[in-house]
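The next block holds one structure in the form of structure tokens; read it before the comments.
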Amino acid sequence: MINKIVASPAEAVAEIFDGAVVMIGGFGEAGSPIELIHALIDQGAKDLTVISNNTGSGHVGLAALIAHRRVKKMICSFPRTANSKVFPELYKNGEIELELVPQGTLAERIRSGGAGIPAFYTPTSVGTPLAEGKETREFDGKTYVMERTIRADFSLVKCRAADRYGNLVYNKTARNFGPIMCMGAENTIVQTKQIVELGELDPEAVVTPGIFVSKVVEVTNPAEESKLVAEDRRYPW
Amino acid sequence: MVSKEEKIGWSVSDMARNVAMDIPNGSYVNLGIGMPELVAGHVPEGREVIYHTENGLLGMGPAPEEGHEDPELINAGKKHVTAIPGACYFHHADSFTMIRGNHIDICVLGAFQVSEAGDLANWSTGAPGAIPAVGGAMDLVAGDIKIFVISRHTTKEGEPKIVKECTYPLTGKQVVDTIYTDLAVIDVKEDGLYVRELAPGVTFDYVQERTDPELKQYSP
Numbered sequence: 752m753i754n755k756i757v758a759s760p761a762e763a764v765a766e767i768f769d770g771a772v773v774m775i776g777g778f779g780e781a782g783s784p785i786e787l788i789h790a791l792i793d794q795g796a797k798d799l800t801v802i803s804n805n806t807g808s809g810h811v812g813l814a815a816l817i818a819h820r821r822v823k824k825m826i827c828s829f830p831r832t833a834n835s836k837v838f839p840e841l842y843k844n845g846e847i848e849l850e851l852v853p854q855g856t857l858a859e860r861i862r863s864g865g866a867g868i869p870a871f872y873t874p875t876s877v878g879t880p881l882a883e884g885k886e887t888r889e890f891d892g893k894t895y896v897m898e899r900t901i902r903a904d905f906s907l908v909k910c911r912a913a914d915r916y917g918n919l920v921y922n923k924t925a926r927n928f929g930p931i932m933c934m935g936a937e938n939t940i941v942q943t944k945q946i947v948e949l950g951e952l953d954p955e956a957v958v959t960p961g962i963f964v965s966k967v968v969e970v971t972n973p974a975e976e977s978k979l980v981a982e983d984r985r986y987p988w
Numbered sequence: 444m445v446s447k448e449e450k451i452g453w454s455v456s457d458m459a460r461n462v463a464m465d466i467p468n469g470s471y472v473n474l475g476i477g478m479p480e481l482v483a484g485h486v487p488e489g490r491e492v493i494y495h496t497e498n499g500l501l502g503m504g505p506a507p508e509e510g511h512e513d514p515e516l517i518n519a520g521k522k523h524v525t526a527i528p529g530a531c532y533f534h535h536a537d538s539f540t541m542i543r544g545n546h547i548d549i550c551v552l553g554a555f556q557v558s559e560a561g562d563l564a565n566w567s568t569g570a571p572g573a574i575p576a577v578g579g580a581m582d583l584v585a586g587d588i589k590i591f592v593i594s595r596h597t598t599k600e601g602e603p604k605i606v607k608e609c610t611y612p613l614t615g616k617q618v619v620d621t622i623y624t625d626l627a628v629i630d631v632k633e634d635g636l637y638v639r640e641l642a643p644g645v646t647f648d649y650v651q652e653r654t655d656p657e658l659k660q661y662s663p
């Protein structure tokens, strides 16, 4: 029997190793798998390279992972937001690396990695500082820059409902990087608000096919990052 | 009584209306963060426009009523929004396919500087020590989408924002189509910057004095 359901976030993240490349879903708090990130903090893996659009808020979730010095390098498009304090501080002190990537290029580097394509040409960033040192090529009279694909060892993703095959549906704009990050890692670990029986998800409406998912854990009432930040909570509690 | 400096030119709301008037019925539009967001409130009666937000929503509606915010329904500026009937959600690679693949019609952005050639600088002032952050700015201007810039004509210090060459790091080269300021509406053409409309009480010379490159006038 195929059963990708595991009992706890701790069990779900147990295999993440020191030095791993980890994709973490979310756009701000929407879609951020906060319980999986907290389980990863408890688990202790370090020297991680993390790929995520932002760098977290306050002292919970991704920001807490960074604050505990588990992340040596961030690959992201927008490392500062209104409530991000941890990353800017470490970055200014030269204590964390940053690879800044335009958001659409980040998405395509993740997607193409999952699709088995090692590199691609894009018009984004041509003529800007973010294209410096990269190979360029002309197609039909227009210049494009070559971007390399990213693959990860693990992805941490949040969704609304999943079945034991790992088929997923998401919630509104919390979908964001989830589907492409599921495709882009050797091991994809998903926290879902609800586990449903096989057949309950309409096959026409499945967003992530189960083949892209390794483990699913149910987190019925996930924490709301913005509430935790407003209360100035810090993980571990 | 404190004397008030004479204020001439369009208000921010007027500027947003000017942009909205140039958005045809049926357009798919991406609005940048800040001043561009105001454009949605000025679409003329009878025109239907669908708003895209690059974090994965086509059919973005206005901000929700207080108490109805959903942390998983936000825009690219991470503000709470609503979804209109007929809206759809999608992942980031599809969202930027809509942008880079020229499926979106118009993008309205803010600017630090726009050059004579239509180069745009709007993501970084290049200040030492600043944390670089680019988001989707470079992707939005990379395709052949029409790029409308809405911006004050000069900086707070009175320096021109329309310049011969951008001194800030570029977002994209030769990408801007039209600039909507508090003083004028200016089209970026291959042979230069053409003033299409002047704000009430503003002369061509007044705009030229506050603009680095030479401005042109359409022949009557």
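Chains A and B, in that order, are what the protein sequence lines are. Positions in the first sequence are counted from 1; adding 751 to them yields this note's numbering. Positions in the second sequence are counted from 1; adding 443 to them yields this note's numbering. Built from N, CA and C at the ideal position, the CB exists for glycine as well.
Chain-ordered chain A contacts of residue i [CB-CB under 7 Å]
i, result
"Leu-500(B)", "Thr-924"
"Leu-516(B)", "Lys-923 and Thr-924"
"Leu-658(B)", "Ordered by position in chain A, no residue passes the 7 Å Cβ test against Leu-658(B), which lies about 24 Å from the chain."
"Lys-521(B)", "Gly-779 and Thr-832"
Buried versus exposed call for residue i [16 or more other C-beta atoms within 10 Å across all chains shown]
i, result
"Val-445(B)", "Note that Val-445(B) scores a pLDDT of 43, beneath 50, so its modelled location is shaky and nothing firm can be said."
"Pro-467(B)", "exposed"
"Cys-531(B)", "exposed"
"Lys-447(B)", "Legend: pLDDT at Lys-447(B) = 48, less than 50; position of this residue unreliable, no value from coordinates given."
"Ile-517(B)", "buried"
"Pro-479(B)", "buried"
"Arg-821(A)", "buried"
"Met-897(A)", "exposed"
"Val-645(B)", "buried"
"Gln-660(B)", "exposed"
"Lys-755(A)", "buried"
"His-674(B)", "Because chain B in this structure spans residues 444 to 663, residue 674(B) falls outside the shown range and cannot be described."
"Thr-568(B)", "exposed"
"Ser-454(B)", "exposed"
"Gln-617(B)", "exposed"
"Lys-521(B)", "buried"
"Pro-505(B)", "exposed"
Residues sharing a beta bridge with residue i, DSSP
i, result
"Pro-603(B)", "Thr-597(B)"
"Phe-555(B)", "Phe-555(B) pairs with nothing; no bridge assigned."
"His-523(B)", "Ile-517(B)"
"Ile-476(B)", "Partner(s): none; Ile-476(B) has no beta bridge."
"Val-772(A)", "Thr-800(A)"
"Phe-838(A)", "Note: Phe-838(A) sits in no beta bridge, so no partner."
"Asp-630(B)", "Thr-621(B) and Tyr-637(B)"
"Thr-939(A)", "Ser-906(A)"
"Cys-531(B)", "Leu-501(B)"
"Glu-976(A)", "Note: Glu-976(A) sits in no beta bridge, so no partner."
"Gln-660(B)", "Val-638(B)"
Chain-ordered neighbours of residue i on chain A, where CB pairs are closer than 8 Å
i, result
"Gly-572(B)", "Lys-843"
"Asp-655(B)", "Neighbours of Asp-655(B) on chain A: none; closest Cβ ~20 Å, over 8 Å."
"Leu-684(B)", "Beyond the ends of chain B as shown, which are 444 and 663, falls residue 684(B); an answer cannot be given."
Partner residues on chain B for residue i, Cβ-Cβ distance less than 7 Å
i, result
"Ile-931(A)", "His-534, His-535 and Ala-536"
"Asn-918(A)", "Within 7 Å Cβ-Cβ: nothing; Asn-918(A) doesn't reach chain B, min ~15 Å."
"Thr-975(A)", "For the record, residue 975(A) in the displayed sequence is Glu; it is not Thr. By Cβ distance, chain B contributes Pro-514."
Proximal chain A residues relative to residue i, where beta-carbon distance stays under 9 Å
i, result
"Phe-555(B)", "None at all; the shortest Cβ gap to chain A is about 13 Å."
Proximal residues of chain B, C-beta to C-beta of residue i below 9 Å
i, result
"Gly-855(A)", "Glu-497, His-535, Ala-536, Ser-538, Phe-539, Thr-540, Ile-542, Arg-543, Gly-579, Met-581, Asp-582, Leu-583 and Ala-585"
"Pro-839(A)", "Ile-574"
Closer than 8 Å at the beta carbon, the chain B residues around residue i
i, result
"Leu-851(A)", "Pro-575, Ala-576 and Val-577"
"Ser-828(A)", "Ala-576, Val-577, Gly-578 and Gly-579"
"Phe-928(A)", "His-534 and His-535"
Closer than 9 Å at the beta carbon, the chain D residues around residue i
i, result
"Asn-972(A)", "Absent here is chain D; the protein component of the structure consists of chains A and B."
(request) Decide yes or no for the touch test of the region 916-936 of chain A against the region 522-535 of chain B: beta carbon pairs closer than 8 Å, at least 3 of them. (result) Yes: the two stretches touch, three or more of their Cβ pairs being nearer than 8 Å.
(message) If the cut-off is 7 Å on Cβ atoms, which residues from the region 573-586 of chain B count as contacting chain A, listed in chain order?
(response) So the close ones are Ile-574, Pro-575, Ala-576, Val-577, Gly-578, Gly-579, Met-581, Asp-582, Ala-585 and Gly-586.
(request) Determine which residues of the region 858-869 of chain A have a Cβ less than 8 Å from any Cβ of chain B, and write them out in chain order. (result) Those would be Ala-858, Glu-859, Ile-861 and Arg-862, in chain order.
(message) Closer than 8 Å between beta carbons: that is the criterion. Which residues of the region 769-791 of chain A meet it against chain B?
(response) From the region 769-791 of chain A, only Phe-778, Gly-779, Glu-780, Ala-781 and Gly-782 have a Cβ closer than 8 Å to chain B.
(message) Closer than 8 Å is the cut-off here; do at least three beta carbon pairs connect the region 890-909 of chain A with the region 589-607 of chain B?
(response) Flag = no, the region 890-909 of chain A and the region 589-607 of chain B do not touch.
(message) Taking beta-carbon pairs under 8 Å, can you tell me which members of the region 869-885 of chain A lie near chain B?
(response) If the cut-off is 8 Å between Cβ atoms, the region 869-885 of chain A has Thr-873, Pro-874, Thr-875, Ser-876, Val-877, Gly-878, Thr-879, Pro-880 and Leu-881 near chain B.
(message) Tell me whether the region 540-560 of chain B and the region 932-943 of chain A touch, counting them as touching only if at least three CB pairs, one residue from each stretch, are closer than 8 Å.
(response) Judged by Cβ distances under 8 Å, the region 540-560 of chain B makes no contact with the region 932-943 of chain A, as fewer than three pairs qualify.
(message) Along the region 604-632 of chain B, where does the CB come closer than 9 Å to a CB of chain A? Name the residues.
(response) Look at the region 604-632 of chain B: the residues with a C-beta under 9 Å from a C-beta of chain A are Pro-612, Leu-613, Thr-614, Gly-615, Lys-616 and Gln-617.
(message) Any contact between the region 945-958 of chain A and the region 902-913 of chain A? By contact I mean 3 or more CB pairs, one from each, below 8 Å.
(response) The answer is yes - the region 902-913 of chain A touches the region 945-958 of chain A, with three or more Cβ pairs under 8 Å.
(message) Tell me whether the region 791-806 of chain A and the region 967-974 of chain A touch, counting them as touching only if at least three CB pairs, one residue from each stretch, are closer than 8 Å.
(response) At 8 Å Cβ cutoff, the stretches do not touch.
(request) Report yes or no: do the region 812-828 of chain A and the region 975-988 of chain A share at least 3 C-beta pairs separated by less than 8 Å? (result) As far as the Cβ criterion goes, the region 812-828 of chain A touches the region 975-988 of chain A, which means the pair count is three or higher.
(message) Taking contact to mean 3 or more Cβ pairs, one atom from each stretch, closer than 8 Å, check whether the region 876-889 of chain A and the region 847-860 of chain A are in contact.
(response) Taking a cut-off of 8 Å on C-beta distances, the region 876-889 of chain A touches the region 847-860 of chain A, as three or more cross pairs fall below it.
(message) Whether or not the region 547-558 of chain B and the region 854-874 of chain A are in contact is what I'm after, with contact meaning three or more pairs of Cβ atoms, one per stretch, closer than 8 Å; do they touch?
(response) Counting Cβ pairs under 8 Å, fewer than three are found: no touch.
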